[in-house]
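In this note's numbering, the protein residues as written are 227 to 406.
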């Protein structure tokens with residue numbers, strides 16, 4: 227990017243296997259710590275932490291130690307942390323992996339309904355689950371070997387049925403194996 231610092235500020239990341247939280251700190255304390263790293267301080271930081279905890283549905287769990295969080299709560303805290311900086315773009319890496327069906331539904335509703343819908347954020351959803359991609363995305367891109375091999379509106383595959391995305395995925399990935 228021509229302006230790497232601006233690009234970094236524009237994109238927030240939430241990874242499924244988050245390892246940077248401190249287990250002995252509460253959810254709120256973890257977010258306060260990361261808020262300070264993002265340059266938030268004092269009352270402004272406290273307001274932002276309270277806001278993202280509420281958005282993520284973690285108000286009641288904010289005072290619990292991270293070590294006691296379930297997988298779903300950990301994923302929602304990772305999303306809350308990504309929201310601290312209020313970036314216009316969120317890259318969510320495998321946001322529902324290893325979650326039970328109800329927790330996965332909450333994450334999907336949060337990303338699609340709250341963030342993309344009501345807040346107007348762009349959510350880039352990285353997943354290996356084609357059915358989830360087809361059900362959540364407006365647009366789908368398949369990346370193989372570091373290159374976009376297939377892209378288009380999700381509605382194009384929905385019209386043909388669920389097997390069409392799998393078929394086109396297999397073709398695109400196979401074609402990418404022949405080239406760097």
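Here a beta-carbon is modelled for each residue, glycine too, at the ideal position from N, C-alpha and C.
C-beta contact flag for residue i and residue j at 8 Å
| i | j | result |
| --- | --- | --- |
| residue 378 | residue 369 | no |
| residue 261 | residue 275 | yes |
| residue 380 | residue 363 | yes |
| residue 316 | residue 278 | no |
| residue 360 | residue 388 | yes |
| residue 295 | residue 287 | yes |
Expected contact under 8 Å - CB spacing of residue i and residue j to nearest Å
| i | j | result |
| --- | --- | --- |
| residue 352 | residue 320 | 6 Å |
| residue 325 | residue 283 | Not quite, the Cβ-Cβ distance comes to about 14 Å (not below 8 Å), so this is no contact. |
| residue 253 | residue 290 | 6 Å |
| residue 258 | residue 300 | That belief does not hold up - the Cβ atoms of residue 258 and residue 300 are roughly 17 Å apart, past 8 Å. |
| residue 375 | residue 401 | 7 Å |
Distance, residue j Cα to residue i Cα
| i | j | result |
| --- | --- | --- |
| residue 329 | residue 354 | 18 Å |
| residue 281 | residue 344 | 11 Å |
| residue 248 | residue 256 | 7 Å |
| residue 393 | residue 385 | 14 Å |
| residue 307 | residue 346 | 18 Å |
N- and C-terminal bounds of the alpha helix (DSSP H) containing residue i
| i | result |
| --- | --- |
| residue 259 | 253-263 |
| residue 243 | Here residue 243 belongs to no alpha helix (DSSP H), and DSSP marks it neither H nor E. |
Residue interval of the beta strand (DSSP E) (run including residue i)
| i | result |
| --- | --- |
| residue 384 | Segment 380-386 is the alpha helix (DSSP H) holding residue 384; no beta strand (DSSP E) there. |
| residue 365 | 365-370 |
| residue 233 | Careful: residue 233 lies outside any beta strand (DSSP E), inside the alpha helix (DSSP H) at 230-236. |
| residue 285 | First-last for residue 285: undefined, no H or E at that position. |
Note to self: Closer than 8 Å is the cut-off here; do at least three beta carbon pairs connect the region 252-269 with the region 300-313?
What the structure shows: The way I'd put it, the region 252-269 does touch the region 300-313; three or more beta-carbon pairs between them come closer than 8 Å.
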